[in-house]
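Worksheet: one structure, shown below.
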Amino acid sequence: MQNLNNKTSPYRCPVSHCAGWVDLIEDKPSSFFGCGECGSMWYEDKNFQKEITEIISLYNYRAKCYEIIKDKWMPAPFENEDKNYESLVESEPYDKSKNFIRG
Numbered sequence: 020m021q022n023l024n025n026k027t028s029p030y031r032c033p034v035s036h037c038a039g040w041v042d043l044i045e046d047k048p049s050s051f052f053g054c055g056e057c058g059s060m061w062y063e064d065k066n067f068q069k070e071i072t073e074i075i076s077l078y079n080y081r082a083k084c085y086e087i088i089k090d091k092w093m094p095a096p097f098e099n100e101d102k103n104y105e106s107l108v109e110s111e112p113y114d115k116s117k118n119f120i121r122g
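Note that my numbering numbers the sequence shown so that position 57 is 76, with each residue one more than the last.
Structural data, given as structure tokens:
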């Protein structure tokens, strides 16, 4: 896991067909995880973690983007990704959710 200035590196988005980056947005009164590409937001870490588990179960190449640390998915080093990661993700079906708030 990369750590710059005590800030965790961004996660790869766990939404199907999105190769964007998810970061923790520390907003008062509540923080959330948000993807700058597809606009998805997770207000509860357990829902974000569940979605990571689900996307990994569907697409093996997604697993290289994450690593388990203390029973929690964390971002893996960028170098771990498949070289053609973005084209693989673009071949996935579009996510059918019409709601940007995912949990």
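A virtual CB, placed ideally from N, CA and C, is assigned to each residue, including glycine.
- Within the model, the alpha-carbon separation for N103 versus E111 is close to 13 angstroms.
- Considering only S35, W40, E56, the residue with the shortest C-alpha distance to E73 is S35.
- For V108, the uninterrupted alpha helix (DSSP H) segment begins and ends at 104-109.
- Three or more beta-carbon pairs separated by less than 8 angstroms link the region 92-107 to the region 65-82, which places the two stretches in contact.
- Setting aside the 5 residues that flank it on each side, C84 is surrounded in the same chain by Y30, R31, P94, A95, N99, E100, Y104, each with a C-beta closer than 8 angstroms to its C-beta; the list follows chain order.
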